[in-house]
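Just below is one structure, and these are the notes that go with it.
Residue numbers (the numbering used here): -15 to 113.
Here it is as C-alpha cells:
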C-alpha cells in the first residue's frame, strides 16, 4: 500500500475528537457514538457525554439497538486499545457505516470535552485542573 492510500484510508475510517465534535455540531442526527469498552462497569463509569454503552462483547446480542441509517462512531480506552477496531469490523460486516474515534476516551478527556460520570450520577465537564 502506498503511503497516500494508507493516510486516505485512515482518515476515512477515523474521527479525531475535534472532527467528531464539529461534525455533530453541523449534523447532530447523523451520528451515533458507542462506547464499546469491555470490563466491569465500575471501571467504565466515566463515558463520553451522550454515548450509548454497548460493550464489544455484547454487540452481537444488541445489534437491534443500533440504527443502520446512522453513521456509527465507536471508541474504547486509548490508542493502545484495539477493541473499537474489532467492534468496527463486526459492525461493518453487518452492514453499518462505521468510524473509530481516534485515541478513545483518553484523547477525549485530554481535550477536556464533556463526559458523564455514572458513579456520580451527573454530567462532568473535566477542566483538567
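C-beta: ideal position from N, C-alpha, C; glycine also.
Remember, it's a predicted structure, so these values are computed and weren't measured experimentally.
Could you check whether the region 8 to 19 touches the region 90 to 101, counting it as contact only if at least three pairs of C-beta atoms, one from each stretch, sit closer than 8 Å? The region 8 to 19, when compared against the region 90 to 101, does not touch it at the 8 Å Cβ threshold.
Assumed close pair residue 47, residue 32 - CB separation to whole angstroms, cut-off 8 Å: By a beta-carbon distance limit of 8 Å, residue 47 does not contact residue 32. Their separation comes to about 21 Å.
Does DSSP put residue 97 in a helix, in a strand, or in coil? Residue 97 falls in the coil class under three-state DSSP.
Bridge partner(s) assigned by DSSP for residue 84: Under DSSP, residue 84 shares a beta bridge with -2, 58.
Distance, residue 63 Cα to residue 39 Cα: Rounded to the nearest angstrom, the two C-alpha atoms are 17 Å apart.
Nearest candidate by alpha-carbon position, reference residue 85, set -4, -15, 78: -4 is the residue among -4, -15, 78 whose C-alpha sits nearest the C-alpha of residue 85.
My guess is that residue 81 and residue 22 are in contact by the Cβ rule of under 8 Å, so how many angstroms apart are they, rounded? 23 Å between Cβ atoms; not a contact.
Which same chain residues end up closer than 7 Å to residue 29 when comparing Cβ atoms and leaving out the 5 residues on each side of it in sequence? Taken in chain order, the residues that qualify are 101, 102, 103.
Residue 111 to residue 27, Cα distance in whole Å? Per-residue confidence for residue 111 stands at a pLDDT of 29, beneath the threshold of 50, marking its modelled position as unreliable; no derived number is given.
Under three-state DSSP, which class holds residue 36? In the structure shown, residue 36 sits in a strand (DSSP, three-state: E or B).
Beta carbon of residue 83 nearer than 8 Å to that of residue -1: It is a contact, given that the beta carbons lie within the stated cut-off.
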